Amino acid sequence: MHLKKMYILLIILLLLIEGKKMFAQDFGIGLGLTLEHPQEINYERMSRNLKIHKVYLPITVISKIRAIPEIAYWNAKYSFEDDISKYSVLHLGLGIYYLIPIEKTNVYFGPRIAIIDIKNPSEDRPPHIITSKTDWIFGATMGAEYKILKNLSVGFEIQYNYYEINPWTDFGYEERTVQRALETVFVIAFHL
Amino acid sequence: MKTCFFLTIYIFLLISLSFAEKNESKKLFKFGISATLEKSSDIYTDGFHSYTNIGFSKILLPVIFKSLIKIVPEIGYRNRDSKEMSEYTLWQIGIGIFYFYQFNDINIYSGPRIGFEKLKSTLFSTDDEMLTNNFINYGLTIGSEYFFSENFSIGSELQINKYIFNDTNSFEIEISHLSLVPVLYLSFYLK
Numbered sequence: 008m009h010l011k012k013m014y015i016l017l018i019i020l021l022l023l024i025e026g027k028k029m030f031a032q033d034f035g036i037g038l039g040l041t042l043e044h045p046q047e048i049n050y051e052r053m054s055r056n057l058k059i060h061k062v063y064l065p066i067t068v069i070s071k072i073r074a075i076p077e078i079a080y081w082n083a084k085y086s087f088e089d090d091i092s093k094y095s096v097l098h099l100g101l102g103i104y105y106l107i108p109i110e111k112t113n114v115y116f117g118p119r120i121a122i123i124d125i126k127n128p129s130e131d132r133p134p135h136i137i138t139s140k141t142d143w144i145f146g147a148t149m150g151a152e153y154k155i156l157k158n159l160s161v162g163f164e165i166q167y168n169y170y171e172i173n174p175w176t177d178f179g180y181e182e183r184t185v186q187r188a189l190e191t192v193f194v195i196a197f198h199l
Numbered sequence: 005m006k007t008c009f010f011l012t013i014y015i016f017l018l019i020s021l022s023f024a025e026k027n028e029s030k031k032l033f034k035f036g037i038s039a040t041l042e043k044s045s046d047i048y049t050d051g052f053h054s055y056t057n058i059g060f061s062k063i064l065l066p067v068i069f070k071s072l073i074k075i076v077p078e079i080g081y082r083n084r085d086s087k088e089m090s091e092y093t094l095w096q097i098g099i100g101i102f103y104f105y106q107f108n109d110i111n112i113y114s115g116p117r118i119g120f121e122k123l124k125s126t127l128f129s130t131d132d133e134m135l136t137n138n139f140i141n142y143g144l145t146i147g148s149e150y151f152f153s154e155n156f157s158i159g160s161e162l163q164i165n166k167y168i169f170n171d172t173n174s175f176e177i178e179i180s181h182l183s184l185v186p187v188l189y190l191s192f193y194l195k
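Going down the list, the sequences are from chains X and U.
With the first sequence counted from 1, adding 7 to any position gets you my numbering.
With the second sequence counted from 1, adding 4 to any position gets you my numbering.
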C-alpha cells in the first residue's frame with residue numbers, strides 16, 4: 008500500500024518536473040492549496056461542517072484552456088465508551104476553464120464537477136459491510152489569480168455549486184438532500 | 005464601555021487620516037469583484053431548532069468613485085433542501101459606504117455598513133409550515149487594501165457589528181449581540 012502511494016507521488020513529481028518538456032510550449036503545471044469556509048458535509052447521518060483544504064493541480068493545456076484537478080482527503084475516528092466510529096472523506100474534482108490573461112493577472116471561468124466519497128467502516132458490523140455514500144457537486148466557477156512572483160500566484164474563485172447529497176447505502180434512509188450555494192475559495196499556487 | 009473604546013479609536017483614526025496626504029487618481033469609476041474569507045456566522049439554519057454556526061461566503065462588488073468614496077454591495081446565497089425533512093433558503097445582502105484614502109499602492113477606508121439576512125425555512129413534519137426570520141446587522145468598518153497591480157488587490161477589514169435577530173413567528177425570540185468581525189478578501193478590478 009505504501010509502495011503504491013510512493014509510486015503515485017513519484018509519477019506526480021516526474022510530471023511536475025518533466026511536464027514542460029513533454030508537452031507543447033504553452034503547457035504549464037502547478038500545485039496549489041485552497042483556503043475556504045468549512046464545507047457542509049452530510050457524513051454522520053447528519054450535517055456537519057468539515058474544514059477541508061483541497062490540493063489543486065492546475066494544468067494549462069493550451070494557452071487559453073486550463074484544467075484544474077482537485078483532491079482532498081479527511082479521516083476521523085470517534086470513540087464514546089465502547090462505541091467507535093470511523094469516517095473517511097475523499098474529494099476528487101475537475102474544473103475546465105477558459106483563461107483570459109491580463110498582464111500579470113489571469114481571469115478564468117468554466118464548469119466544475121466533483122465527487123465526494125464517504126465511507127463509514129464499523130467494528131460492530133461484519134468486515135465486508137462498509138457503509139458508504141457518494142455525493143456530487145456540479146458548479147460554475149469564476150476565478151482570478153495574480154502572479155506575485157514568476158512561479159507563485161495568489162487568487163480567488165467564486166463558485167456557484169449544486170450539491171447532490173445522497174443517502175447511505177445500508178441504513179434505509181431515503182433522505183436525499185440538494186444544496187445550492189454561492190461559495191468563495193482562496194488559492195495559493197506554485198507554477199512550473 | 006467596550007463600544008466607547010472602539011469608537012474612540014475609530015474617531016481618532018478618522019481625524020488622523022484626514023490630515024494625511026492623498027494620492028489623486030484621474031479615474032472616475034473603478035468596478036471590481038471580491039471573494040471574502042471570514043469568521044463563520046452564527047445563523048439560525050432551520051428556524052426551528054438551535055442557533056447554529058455556519059461558514060458563509062460573501063461576494064463583494066466594490067465600486068471606487070474618484071478615489072474618494074468606496075461603495076461595497078455584498079451578496080450571499082445558500083439553499084438546502086432535504087427532500088422529506090426540511091428546507092431552508094438564506095439570502096444575504098448588504099452595503100458599505102466608505103470614505104477612502106489612497107497612499108500609493110495602499111488604501112485605507114472607513115465608514116458605515118449595513119447587512120440584511122432573510123431565512124426562509126420549512127419543516128415538512130409540521131404541516132409544511134414556512135417560517136421567515138430576518139436578521140439585521142449594522143456597524144462600522146475600517147479596512148485596508150493593497151494593490152498588487154491596477155486590477156488585483158488583497159484586503160482586510162475589521163467590522164464592529166451589531167446583530168439583531170427578530171423571530172416574527174410564534175417563538176418570540178429576540179437576540180442581539182455586538183461583535184468584532186475580521187474579514188480577508190481578494191479582489192479583481194476592471195481597469
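Note that the Cβ used here is the ideal one computed from N, Cα and C, for glycine as well.
A quick note: this is a predicted structure, and the numbers were derived from the prediction, not measured.
Report yes if the C-beta distance between residue i and residue j is below 8 Å; otherwise report no.
i: Gly-143 of chain U; j: Arg-117 of chain U; result: yes
i: Tyr-92 of chain U; j: Ser-125 of chain U; result: yes
i: Gly-37 of chain X; j: Leu-199 of chain X; result: yes
i: Ile-210 of chain U; j: Val-76 of chain U; result: This structure leaves residue 210 of chain U out entirely; chain U is present only between 5 and 195.
i: Asp-142 of chain X; j: Asn-173 of chain X; result: yes
i: Ser-148 of chain U; j: Gly-36 of chain U; result: no
i: Phe-163 of chain X; j: Val-194 of chain X; result: yes
i: Leu-189 of chain X; j: Ser-61 of chain U; result: yes
i: Glu-42 of chain U; j: Val-185 of chain U; result: yes
i: Ile-33 of chain U; j: Ala-151 of chain X; result: Here residue 33 of chain U turns out to be Phe, not Ile, going by the sequence shown. Their beta carbons are not under 8 Å apart, which means Phe-33 of chain U does not touch Ala-151 of chain X by this criterion.
i: Thr-82 of chain U; j: Leu-72 of chain U; result: This sequence places Arg at residue 82 of chain U; Thr is not what is there. For Arg-82 of chain U and Leu-72 of chain U, no; Cβs fall outside 8 Å.
i: Glu-171 of chain X; j: Ala-121 of chain X; result: no
i: Val-161 of chain X; j: Ile-158 of chain U; result: yes
Throw me the rounded Cβ distance for the residue i and residue j pair, which I believe falls under 8 Å.
i: Lys-122 of chain U; j: Phe-102 of chain U; result: Actually they are not in contact, since the Cβ atoms of Lys-122 of chain U and Phe-102 of chain U sit about 24 Å apart, beyond 8 Å.
i: Gly-119 of chain U; j: Asn-141 of chain U; result: 5 Å
i: Thr-41 of chain X; j: Ile-63 of chain U; result: Their Cβ separation, rounded to whole angstroms, is 17 Å, which puts Thr-41 of chain X and Ile-63 of chain U out of contact at 8 Å.
i: Leu-106 of chain X; j: Tyr-115 of chain X; result: 5 Å
i: Glu-154 of chain U; j: Tyr-113 of chain U; result: About 18 Å separates the two Cβ atoms, so there is no contact after all.
i: Ala-196 of chain X; j: Pro-65 of chain X; result: 6 Å
i: Ile-155 of chain X; j: Phe-152 of chain U; result: 6 Å
i: Tyr-104 of chain X; j: Asn-127 of chain X; result: That belief does not hold up - the Cβ atoms of Tyr-104 of chain X and Asn-127 of chain X are roughly 34 Å apart, past 8 Å.
i: Val-62 of chain X; j: Trp-81 of chain X; result: Going by Cβ atoms, the distance from Val-62 of chain X to Trp-81 of chain X rounds to 12 Å, so no, they are not a contact pair.
i: Leu-135 of chain U; j: Ser-90 of chain U; result: Incorrect: roughly 11 Å between the Cβ atoms, too far for contact.
i: Thr-148 of chain X; j: Arg-119 of chain X; result: 5 Å
i: Ser-180 of chain U; j: Thr-184 of chain X; result: Actually they are not in contact, since the Cβ atoms of Ser-180 of chain U and Thr-184 of chain X sit about 32 Å apart, beyond 8 Å.
Under 8 Å, Cβ to Cβ, is there at least one residue of chain U near residue i?
i: Leu-106 of chain X; result: no
i: Tyr-153 of chain X; result: yes
i: Gly-162 of chain X; result: yes
i: His-60 of chain X; result: no
i: Ile-165 of chain X; result: yes
i: Leu-189 of chain X; result: yes
i: Leu-42 of chain X; result: yes
i: Lys-84 of chain X; result: no
i: Arg-119 of chain X; result: no
i: Glu-171 of chain X; result: no
i: Thr-148 of chain X; result: no
i: Thr-6 of chain X; result: The requested residue 6 of chain X does not occur in the structure, where chain X is confined to residues 8 to 199.
i: Arg-183 of chain X; result: yes
i: Phe-193 of chain X; result: yes
Nearest chain X C-beta to residue i closer than 8 Å, yes or no?
i: Leu-123 of chain U; result: no
i: Leu-144 of chain U; result: no
i: His-53 of chain U; result: Here His-53 of chain U scores only 44 on pLDDT, less than 50, and its place in the model should not be relied on; the value that follows carries that caveat. Chain X, which has no Cβ nearer than 8 Å to the Cβ of His-53 of chain U, makes this no.
i: Gly-80 of chain U; result: yes
i: Val-187 of chain U; result: no
i: Lys-70 of chain U; result: no
i: Phe-152 of chain U; result: yes
i: Ser-61 of chain U; result: yes
i: Lys-26 of chain U; result: At Lys-26 of chain U the pLDDT is 47, less than 50, meaning the model places this residue with poor confidence and gives no usable figure here.
i: Lys-87 of chain U; result: yes
i: Arg-117 of chain U; result: no
i: Ile-168 of chain U; result: no
i: Phe-156 of chain U; result: yes
i: Ile-37 of chain U; result: yes
i: Leu-162 of chain U; result: no
i: Leu-190 of chain U; result: yes
i: Asp-50 of chain U; result: In this prediction, Asp-50 of chain U has a pLDDT of 46, which is less than 50 and means its spatial position is unreliable; what the coordinates show is noted afterwards. So no, Asp-50 of chain U is outside the interface.
Within the present structure, is the beta-carbon of residue i separated from the nearest heavy atom of the ligand SAM by less than 7 Å?
i: Ile-109 of chain X; result: What this structure holds is no ligand at all, so the ligand SAM is not there to describe.
What does residue i touch in chain C if you count any residue whose Cβ is under 9 Å from its own?
i: Lys-71 of chain X; result: No chain C is part of this structure, whose protein chains are labelled X and U.
- May I have a chain-ordered list of the beta strand (DSSP E) segments no shorter than 3 residues that lie completely inside the region 85-156 of chain U? Those beta strand (DSSP E) runs which fall completely within the region 85-156 of chain U and span 3+ residues are 90-107, 110-127 and 133-153.
- Item | Every unbroken beta strand (DSSP E) inside the region 71-142 of chain X [3 residues or more] | Runs of the beta strand (DSSP E) lying entirely within the region 71-142 of chain X and spanning at least 3 residues, in chain order: 72-87, 90-109 and 112-128.
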